[in-house]
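> Position one of the sequence shown corresponds to residue 56 (this note's numbering), numbered consecutively onward. Positions of the beta carbon are idealized from the N, C-alpha and C atoms, including for glycine. Quick one: this structure, given as structure tokens, is what I'll be asking you about.
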Amino acid sequence: RAIYQKFVNCLFKDFNFDGYADFSIYNSVCSGASHAFYDNYLFNPKTKKFDYSKKLSGSEITIDNKLRTITLYYKRGRSYHVEHIIHYDLKGKILFEEKFIEELLKEKNSDEYYYLKTYQKIKNNKIILKEIEKDKNLSR
């Protein structure tokens, strides 16, 4: 493991708080000039293998051990950003998820732009709360 980490941009860390070290590797195809995206594999104790996690891959990832959360950041240019926070219980099971989505859109029949901000709270893969806000303040 240590030799592999030295030559390849990868990381072994418990991403899903289940007590097992998981595996993350830099994805040079998806990464851009300002962001580093990773493919993440979760250790499966039953098979003793790493399983690819589509949910945790293709983004920047931040782990907060104190809050037991993983935050995933997705960005497609200036016009689309997603912050996806996954909250875990003490056994490594997902309690709920939150998504903050921001899209830069153009008003119909106008040269005006605005941000469409969407918040979603997700439990058991179902959206249980959704809030949408239109923000015309483009200064950032």
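Considering just the uninterrupted stretch of the beta strand (DSSP E) at arginine 131, what are its terminal residues?
124-131
> Could you check how far apart the C-beta atoms of glycine 113 and phenylalanine 98 are, in whole angstroms? I think they sit under 8 Å.
Glycine 113 to phenylalanine 98, Cβ: 19 Å. No contact.
> Where does serine 86 sit, in a helix, a strand or coil, going by DSSP?
Bear in mind that a pLDDT of 48 at serine 86, under 50, signals an unreliable position, so the model cannot answer this.
> If you measure between the beta carbons of leucine 127 and phenylalanine 70, is that distance less than 8 Å?
no
> State buried or exposed for tyrosine 125, treating a residue as buried only when at least 16 other CB atoms are found within 10 Å of its CB.
Note that residue 125 corresponds to isoleucine in the displayed sequence, not to tyrosine. Per the 10 Å Cβ criterion, buried.
> Between which two residues does the beta strand (DSSP E) harbouring threonine 173 extend?
168-178 is the extent of the beta strand (DSSP E) around threonine 173.
> Mind checking which residues open and close the beta strand (DSSP E) that includes lysine 104?
104-107
> Pick from Arg133, Gly147, Lys130: whose alpha carbon is nearest that of aspartate 77?
Gly147
> Within its chain, find whatever has a CB closer than 6 Å to the CB of leucine 66; leave out the 5 residues flanking it on each side and keep chain order.
Answer for leucine 66: Ser79, listed in chain order.
> Thinking C-alpha only, which one of Phe155, Tyr143, Asp166 is nearest lysine 176?
Phe155
> Starting from the C-beta of isoleucine 183, find all residues in its chain whose C-beta is less than 6 Å away, skip the five residues before and the five after it, and write them out in chain order.
The residues are Lys176.
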